[in-house]
Amino acid sequence: MNKLMLAVAISLAASSSASAGASAKLPADLPAYGQDKPIPVPQIAKKKLSNGMEVWVIPRNGLPRVDFVFAVRGAGLAADDAAHPGFASLFAGLLSEGTDKRDSRAIAETAQSLGGSVGASAGYDGVSMYGNALASNAAPMLGLLAEIARQPSFPANEVQLAKANALQSLKVSEATPAFRAERAIAQAVYGEHPYGHTQPTADSIDSATVQMMKAEHGKRFRPDRALLVITGRINEADAMKLADAAFGDWKSQGSALADTAAATTSAKPVHLLLE
Numbered sequence: 003m004n005k006l007m008l009a010v011a012i013s014l015a016a017s018s019s020a021s022a023g024a025s026a027k028l029p030a031d032l033p034a035y036g037q038d039k040p041i042p043v044p045q046i047a048k049k050k051l052s053n054g055m056e057v058w059v060i061p062r063n064g065l066p067r068v069d070f071v072f073a074v075r076g077a078g079l080a081a082d083d084a085a086h087p088g089f090a091s092l093f094a095g096l097l098s099e100g101t102d103k104r105d106s107r108a109i110a111e112t113a114q115s116l117g118g119s120v121g122a123s124a125g126y127d128g129v130s131m132y133g134n135a136l137a138s139n140a141a142p143m144l145g146l147l148a149e150i151a152r153q154p155s156f157p158a159n160e161v162q163l164a165k166a167n168a169l170q171s172l173k174v175s176e177a178t179p180a181f182r183a184e185r186a187i188a189q190a191v192y193g194e195h196p197y198g199h200t201q202p203t204a205d206s207i208d209s210a211t212v213q214m215m216k217a218e219h220g221k222r223f224r225p226d227r228a229l230l231v232i233t234g235r236i237n238e239a240d241a242m243k244l245a246d247a248a249f250g251d252w253k254s255q256g257s258a259l260a261d262t263a264a265a266t267t268s269a270k271p272v273h274l275l276l277e
């Protein structure tokens, strides 16, 4: 088998060099520059529910639609333990696959009937969920999003399917230079810091269980670490009423996960060779 030789040069030290030629002279009869025009910036109303959950409301005219983004700080890939790298991605993907009230099909059909969709994804520092619907269906859509965020059931059949799909995806990714390079770069830059180990492994996927999903949900999803952003054709007062109705009675359970330690902000140049 031919060996794939990949050289990756890493350097986080900033360096700059600039070269500029002589400025060309402009004609003397050019009109004067006009006044700078202010860039319209959306006004954000930042509020907080009684349970500590933050709510940002951004009213915007335009399409008769309302968008929701629900983010939980500290719930992402950096919160995964050393034995389960990449767990947060599997976890996030399963949030909308079943709740205490609906299965995955009912969730999808409900979202579609409201003229929108729901979903979730994991990043390094958090998990983000989204939902959107026609403005007239803003209340039931936010109710659905809250149900998914607060009462995911992680059905055993959905967990098994997600694990099988994740293993197949990992096999495909392992054959691509980009995936291997990204993993090597992260490990070289961040070392043993959680940012250096965010790609899943076959063992970490295989060992994920329904019980683990439920336990991690209780630790990671808390109102005092959550932010709900509401934007679209809705006013501040109505948006806050919807937020309070959907999340106002949500209470934290147990102790929160510890904050992720600060990552390194500098590194020396390193040359990596992947075969």
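With the working numbering applied, the sequence shown corresponds to residues 3 to 277, in that order.
Every residue, glycine too, gets a C-beta built ideally from N, C-alpha and C.
Note that the structure is a prediction, hence the values are computed from the model and not measured.
With H, G and I counted as helix, E and B as strand and the rest as coil, what does DSSP make of residue i?
i: Glu194; result: coil
i: Val43; result: coil
i: Lys48; result: strand
i: Gly95; result: helix
i: Thr233; result: strand
i: Met55; result: coil
i: Phe223; result: coil
i: Ser257; result: coil
i: Phe70; result: strand
i: Pro179; result: helix
i: Thr267; result: coil
i: Gly78; result: coil
i: Pro61; result: strand
i: Ser209; result: coil
For residue i, collect the residues of the same chain with a Cβ closer than 6 Å to its Cβ; drop the 5 residues on either side in sequence, then sort them by chain order.
i: Met55; result: Pro225, Ala228, Phe249
i: Ala73; result: Gly128, Ser130, Leu229
Suppose the cutoff is 7 Å on Cβ atoms and the five residues either side in sequence are ignored; what does the same chain contact list for residue i look like?
i: Arg75; result: Asp127, Gly128, Arg227
i: Val71; result: Ser130, Tyr132, Val231
i: Gly145; result: Ala248
i: Arg152; result: Trp252
Just tell me which of the options has its CA closest to the CA of residue i.
i: Leu51; options: Trp252, Ala269, Ala264, Ala258; result: Trp252
i: Pro162; options: Gln213, Gly256, Asn237; result: Per the sequence presented here, residue 162 reads as Gln, with Pro not at that position. Gln162 has its Cα closest to that of Gln213, out of Gln213, Gly256, Asn237.
i: Ser206; options: Asp83, Arg222, Asp240; result: Asp83
i: Asn237; options: Val43, Gly36, Trp58; result: Trp58
i: Ser98; options: Phe89, Gly88, Pro87, Ala110; result: Ala110
i: Ser209; options: Met143, Thr233, Asn134, Gly88; result: Gly88
i: Lys48; options: Met242, Ser257, Ala269; result: Met242
i: Leu259; options: Ala269, Ala239, Arg222; result: Arg222
i: Ser257; options: Ala217, Tyr192, Ala85; result: Ala217
i: Leu147; options: Lys173, Ala269, Gln114, Pro29; result: Gln114
i: His86; options: Ser268, Asp240, Ala264, Gly198; result: Gly198
i: Ala269; options: Ala239, Tyr192, Asp246, Asp240; result: Tyr192
i: Ala166; options: Ala204, Asn134, Met143; result: Ala204
On the CB-based measure, 16 or more other CB atoms within 10 Å of its CB, does residue i come out buried or exposed?
i: Val272; result: exposed
i: Ser91; result: buried
i: Arg185; result: buried
i: Asp69; result: buried
i: Gln120; result: Here the sequence assigns Val to residue 120, which means Gln is not the residue at that position. Classification of Val120: buried, given that the 10 Å Cβ count is 16 or more.
i: Ser171; result: exposed
i: Asn1; result: No answer is possible for residue 1: it lies beyond the span of the chain, which begins at 3 and ends at 277.
i: Glu194; result: exposed
i: Gly36; result: exposed
i: Glu176; result: exposed
i: Leu116; result: buried
i: Thr211; result: exposed
Compute the distance between the beta-carbons of residue i and residue j, then report whether it is under 8 Å.
i: Ser155; j: Thr200; result: no
i: Leu79; j: Ala124; result: yes
i: Ala168; j: Pro196; result: no
i: Ala81; j: Thr266; result: no
i: Ala183; j: Leu32; result: no
i: Ala77; j: Ala122; result: no
i: Thr233; j: Ile60; result: yes
i: Ala141; j: Leu244; result: yes
i: Ala190; j: Leu274; result: yes
Given residue i, which residues of its chain have a CB within under 8 Å of its CB, disregarding the five upstream and five downstream residues?
i: Pro66; result: Leu136, Ala137, Ser138, Arg235
i: Leu96; result: Pro154, Phe156, Glu160, Val161, Ala164, Met215
i: Arg104; result: Thr112, Glu149
i: Gln255; result: Gly220, Arg224
i: Lys39; result: none
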